[in-house]
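In terms of the working numbering, the sequence shown is residues 1175 to 1590. Worksheet for the structure shown next.
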Amino acid sequence: MLYTKFSDVAESGPDGGQCRIWAAFRARTAAILLICLALLVAPVAASDKLKDKQKQLESVNARITATRNQILKVRKQEKGVLAELDRIERALDASEARLKSLKGQLAATNRDIARAQRDLEAAQDDLAAKKRALSQRLSVFGSRLRALYMYGPLNYLELLLTARDFSDLVTRATMISRFLQQDVEIYQRVKEEAEAVRAQMVEIDRRKAVLLQKQEKLRKLNMEAAAEHQNLELRRKERAAVLARIQRERQNYEEALDELEAMSNELTRVIRELQAERARSGKGGVQWAGRFVWPVRGRISSDFGSRMHPILHKVRFHSGIDIAAPQGTPVVAVADGLVIYSGWLSGYGKTVILDHGGELSTLYGHNSVLLVSGGERVTQGQMIARVGATGLATGPHVHFEVREEGVPVSPWKWLR
């Protein structure tokens, strides 16, 4: 009886390493096919053929287990690269948002600088106008001073002395005073306005200098952010290339897995023929007619039939039931029988297979310890192993199978 599980994809490094792995795989494939042919034509007794097959099967299963371990490594690598790509994508999103913010700040600062420049130019024009007005006022005031110097105070005195009466005198004196005072006030006002414009220009210059410093800082930050964004883009491309390579390798090895499973099915057919021959010769015994006891007491964690494989993450046919139990819990024979296999069996890990006669057999997988050897006779309820998590398992449990003429059947029809 041959029990096969799902072999996985091996991890490979650079292209040269992958070629070597594939060459080795093809060589193993040829060897397995030769084994199949040898099983069909070897001129030995059926019982001897069965023993030889069990040894050969153990060797094949060891290779399948190694391949499975390697594909798990590849899947772990793929998961790590996917996680890294996810982190890079999030970093790129943050980088793009930062670049957008910096560009917006830089554009706003450039607008503020342009506005300050316009304000400064307007203030310069205003100051020039004030200076022209001040110059004109000084020119008028100078002309009057020159007239006062040339004609002297007698002209003003004459203006006062020719007044018609006292009231006219007061009016003329007030007019002369206001006339002179007006010149002084206008000059002073224009001068103050010019000083205010100068102060405004100083403030605009200061504001512009601050904006220029901010502009330079934003330009540097923008350049740094752009460089960081470019580096992230390069990292994303590099990791995407690595991911594509890993996924190609996984696909290649999964195709190899299909070939191995096909070979296992062929071996199953050959072994079924050997068991049938053994049964016809009378060495297989009469099939067990009673009900089975439970191999271990525990919780059914996975039933018989199609399911999503917990490790391979593919829909696969589950050829037995999984019974979860604590590590080290005793595993017993469900019925009287002959131990036809005790050892490592591919994804099943440490496994015991019992022949109950009439081409009825049971399998107990993922054990931590095996307590029987091939060729031993066992009785119903006898302890044959202890619960473990060897092989392709996510936790301690017993994978229990029942096969009739080599075909997996639901264990529920046999269990009490």
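Where is the CB? At the ideal position from N, CA and C, for every residue including glycine. Given the structure is predicted, the values throughout are model-derived calculations rather than measurements.
Check: For Pro-1469, does the count of other Cβ atoms within 10 angstroms reach 16, so buried, or fall short, so exposed?
Finding: Position 295 of the sequence shown holds residue 1469. Under the 10 Å beta carbon count, Pro-1469 is surrounded by 16 or more other beta carbons and is classified as buried.
> Sorted by chain position, which residues of the same chain lie with C-beta nearer than 6 Å to Thr-1564's C-beta, five sequence neighbours on each side aside?
Replying inline: Here the question's residue 1564 lines up with position 390 in the sequence shown. These residues qualify, in order along the chain: Gly-1523, Lys-1524, His-1540.
### Counterpart residues of Thr-1525 in DSSP-defined beta bridges
Along the sequence shown, one-based indexing puts residue 1525 at 351. According to DSSP, which records beta bridges pairwise, Thr-1525 is partnered with Gly-1517.
Query raised in the report: Since His-1593 is in the beta strand (DSSP E), which residue starts that stretch and which ends it?
Result: The structure shown does not extend to residue 1593, since the chain is modelled only from 1175 to 1590, so the question has no answer here.
Worksheet item: Taking the C-alpha atoms as reference points, what is the distance between Met-1375 and Arg-1289?
Response: By 1-based counting over the sequence shown, the position of residue 1375 is 201. By 1-based counting over the sequence shown, the position of residue 1289 is 115. One C-alpha to the other measures close to 13 Å.
Span separating the alpha-carbon of Leu-1528 from that of Ser-1475
Here residue 1528 is taken as the residue at index 354 of the sequence shown, counted from 1. Here residue 1475 is taken as the residue at index 301 of the sequence shown, counted from 1. So the two alpha carbons sit approximately 23 Å from each other.
Chain-order list of residues whose beta-carbon lies under 8 Å from that of Gln-1421 (same chain, five-residue window excluded) | As a first step, residue 1421 must be located in the sequence shown, where it is residue number 247. Cβ within range, chain order: Glu-1252.
| message | What does DSSP give as the partner residue(s) for Leu-1534 in the beta ladder? | response | Position 360 of the sequence shown holds residue 1534. Bridge partners of Leu-1534: Glu-1578.
Review point. By DSSP, does Ile-1195 sit in helix, in strand, or in coil?
Key: In the sequence shown, counting from the first residue as 1, residue 1195 sits at position 21. Note that Ile-1195 scores a pLDDT of 45, beneath 50, so its modelled location is shaky; the value from the coordinates is reported in the next line. Ile-1195 falls in the helix class under three-state DSSP.
I'd like to confirm something about Asn-1243: is its beta-carbon nearer than 7 Å to some heavy atom of the ligand MN, or not? The model on display carries no ligand, and the ligand MN is accordingly not part of it.
Check: Looking at the structure shown, is Arg-1590 part of a helix, part of a strand, or coil, going by DSSP?
Finding: Within the sequence shown, residue 1590 is the residue found at index 416, counting from 1. The answer is coil: DSSP assigns Arg-1590 none of H, G, I, E or B.
task: Express the C-alpha separation of Arg-1413 and Gly-1569 in angstroms, rounding to a whole number.
output: On the sequence shown, position 395 is the one that residue 1569 refers to. On the sequence shown, position 239 is the one that residue 1413 refers to. Cα to Cα, the separation comes out at about 33 Å.
- Task: Please determine if the stretch 1253 to 1262 and the stretch 1378 to 1385 are in contact, where contact requires at least 3 C-beta pairs separated by less than 8 Å.
- Result: no
Inset, instruction - Go ahead and label Thr-1239 buried or exposed: buried means 16 or more other beta carbons lie within 10 angstroms of its beta carbon, across all protein chains shown. - result: Position 65 of the sequence shown holds residue 1239. Classification for Thr-1239: buried.
Practice prompt. For Leu-1544, name the three-state secondary structure that DSSP assigns.
Written response: Position 370 of the sequence shown, counted from the first residue, corresponds to residue 1544. Correct three-state label for Leu-1544: strand.
Q.
Looking at Glu-1578: is its Cβ nearer than 8 Å to the Cβ of Thr-1536?
A. One-based indexing of the sequence shown puts residue 1578 at position 404. One-based indexing of the sequence shown puts residue 1536 at position 362. Not closer than 8 Å, so no.
What residues in its chain sit with their C-beta under 7 Å from that of Ser-1547, if we drop five residues either side in the sequence? Numbered from 1 along the sequence shown, position 373 holds the residue referred to as residue 1547. Correct list, in chain order: Val-1513, Ser-1516.
Quiz item: From this set, Leu-1294, Val-1248, Asp-1286, which residue's C-alpha is nearest Val-1416's C-alpha?
Solution: For the purposes of this step, residue 1416 is identified with residue 242 of the sequence shown, where counting begins at 1. Nearest option by C-alpha distance: Val-1248.
| query | Hey, out of Asp-1286, Ala-1418, Gly-1472, whose CA is closest to Val-1572's CA? | reply | Along the sequence shown, read from residue 1 onward, the residue named residue 1572 stands at position 398. Measuring from the Cα of Val-1572, the nearest candidate turns out to be Gly-1472.
### Query
Going straight from the alpha carbon of Ile-1558 to that of Ala-1499, what length do you get?
The residue you call residue 1558 lines up with position 384 of the sequence shown. The residue you call residue 1499 lines up with position 325 of the sequence shown. Rounded to whole angstroms, Ile-1558 to Ala-1499 spans 15 Å at the Cα level.
*Own chain residues within Cβ distance below 8 Å of Glu-1402, not counting five before or after*: Within the sequence shown, the letter at position 228 stands for residue 1402. So the qualifying residues of the chain are Ser-1269.
Which residue marks the beginning of the beta strand (DSSP E) containing Val-1505, and which one marks its end? Locating residue 1505 in the sequence shown gives position 331, where the first residue counts as 1. Start and end: 1504 to 1506.
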